[in-house]
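Take the sequence shown: its position 55, counted from the start at 1, is 1497 in my numbering, and no numbers get skipped. Worksheet for the structure shown next.
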Amino acid sequence: QAQIVTQISCDKTLQGLDYFRLTRGFFDCTTLEERRNFIKCLFRIANASEKTSYDETEEIRKISNSLKLTHKDFIDAKLTIPDEDREVL
(Lines of atoms letter the chains of each structure in order from A and count residues from 1; the text may use other names and numbers.)
(Lines give C-alpha, C1' and ligand atoms only; values in the text may rest on other atoms or scores of the structure.)
Protein backbone atom coordinates (compact mmCIF):
# COMPACT_ATOMS: atom_id res chain seq x y z
CA GLN A 1 0.00 0.00 0.00
CA ALA A 2 2.87 2.37 0.70
CA GLN A 3 4.02 1.85 -2.88
CA ILE A 4 0.60 2.91 -4.15
CA VAL A 5 0.73 6.11 -2.07
CA THR A 6 4.22 6.86 -3.35
CA GLN A 7 3.25 6.21 -6.95
CA ILE A 8 0.18 8.42 -6.69
CA SER A 9 2.06 11.28 -5.04
CA CYS A 10 4.90 11.11 -7.58
CA ASP A 11 2.83 10.60 -10.72
CA LYS A 12 2.85 13.87 -12.63
CA THR A 13 -0.26 12.87 -14.57
CA LEU A 14 -2.29 13.16 -11.35
CA GLN A 15 -1.29 16.74 -10.58
CA GLY A 16 -4.51 18.10 -12.05
CA LEU A 17 -6.73 15.38 -10.59
CA ASP A 18 -9.06 16.70 -7.95
CA TYR A 19 -9.21 15.22 -4.46
CA PHE A 20 -12.81 14.02 -4.80
CA ARG A 21 -12.17 12.09 -8.00
CA LEU A 22 -9.02 10.53 -6.60
CA THR A 23 -10.64 9.29 -3.39
CA ARG A 24 -13.80 8.22 -5.20
CA GLY A 25 -11.78 6.18 -7.66
CA PHE A 26 -9.91 4.52 -4.80
CA PHE A 27 -13.20 3.87 -2.99
CA ASP A 28 -14.73 2.27 -6.08
CA CYS A 29 -11.90 -0.24 -6.57
CA THR A 30 -11.28 -1.29 -2.95
CA THR A 31 -13.08 -3.27 -0.29
CA LEU A 32 -13.97 -1.93 3.14
CA GLU A 33 -11.13 -3.93 4.70
CA GLU A 34 -8.64 -2.58 2.14
CA ARG A 35 -9.72 0.99 2.94
CA ARG A 36 -9.33 0.35 6.68
CA ASN A 37 -5.86 -1.08 6.10
CA PHE A 38 -4.97 1.87 3.87
CA ILE A 39 -5.75 4.35 6.66
CA LYS A 40 -3.59 2.29 9.04
CA CYS A 41 -0.84 2.37 6.45
CA LEU A 42 -1.10 6.17 6.21
CA PHE A 43 -0.62 6.41 9.97
CA ARG A 44 2.47 4.18 9.76
CA ILE A 45 3.89 6.36 6.99
CA ALA A 46 3.15 9.55 8.95
CA ASN A 47 4.80 8.07 12.03
CA ALA A 48 7.95 7.05 10.16
CA SER A 49 9.43 10.50 10.75
CA GLU A 50 9.44 10.27 14.56
CA LYS A 51 5.91 11.41 15.48
CA THR A 52 2.57 11.73 13.76
CA SER A 53 1.76 15.43 13.75
CA TYR A 54 -1.63 16.94 14.42
CA ASP A 55 -1.77 18.16 10.80
CA GLU A 56 -0.97 14.68 9.48
CA THR A 57 -3.68 13.20 11.68
CA GLU A 58 -6.22 15.71 10.40
CA GLU A 59 -5.27 15.03 6.78
CA ILE A 60 -5.70 11.29 7.38
CA ARG A 61 -9.07 12.05 8.99
CA LYS A 62 -10.09 13.92 5.83
CA ILE A 63 -9.02 10.97 3.66
CA SER A 64 -10.85 8.55 5.96
CA ASN A 65 -14.05 10.58 5.68
CA SER A 66 -13.70 10.77 1.90
CA LEU A 67 -13.40 7.00 1.78
CA LYS A 68 -16.67 6.74 3.74
CA LEU A 69 -15.04 5.10 6.73
CA THR A 70 -16.66 5.48 10.12
CA HIS A 71 -15.22 7.52 12.97
CA LYS A 72 -14.54 4.23 14.74
CA ASP A 73 -12.53 3.00 11.73
CA PHE A 74 -10.46 6.20 11.89
CA ILE A 75 -9.90 5.93 15.65
CA ASP A 76 -8.98 2.24 15.39
CA ALA A 77 -6.35 3.12 12.78
CA LYS A 78 -5.09 6.07 14.82
CA LEU A 79 -4.68 3.86 17.89
CA THR A 80 -2.25 1.63 16.00
CA ILE A 81 0.27 4.43 16.63
CA PRO A 82 1.50 4.51 20.25
CA ASP A 83 0.16 7.45 22.26
CA GLU A 84 3.63 8.89 22.78
CA ASP A 85 4.11 9.03 19.00
CA ARG A 86 1.03 11.20 18.43
CA GLU A 87 1.08 14.98 18.76
CA VAL A 88 -1.92 16.55 20.43
CA LEU A 89 -2.91 20.17 20.85
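The beta-carbon is built from N, C-alpha and C at its ideal position, and this holds for glycine as well.
With respect to the alpha helix (DSSP H) encompassing residue i, which residues constitute its N-terminal and C-terminal limits?
i     : result
I1505 : 1496-1508
K1520 : 1513-1520
A1488 : 1474-1489
D1470 : 1461-1470
Are the Cβ atoms of residue i and residue j separated by less than 8 Å?
i     : j     : result
F1468 : K1510 : no
A1490 : I1502 : no
Beta-carbon within less than 6 Å of residue i's beta-carbon, same chain only, minus the 5 sequence neighbours each way: which residues are those?
i     : result
L1519 : Checking the displayed sequence, the identity of residue 1519 turns out to be Ala instead of Leu. These residues qualify, in order along the chain: I1481, K1482, F1485.
S1508 : T1465
Excluding the 5 residues flanking residue i on each side, which residues of the same chain have their C-beta closer than 8 Å to its C-beta?
i     : result
I1505 : T1465, I1481, L1484
Since residue i and residue j should fall inside the 8 Å C-beta cutoff, what is the C-beta to C-beta distance between them, to a whole number of angstroms?
i     : j     : result
K1493 : D1515 : Not really, about 22 Å apart at Cβ, beyond 8 Å.
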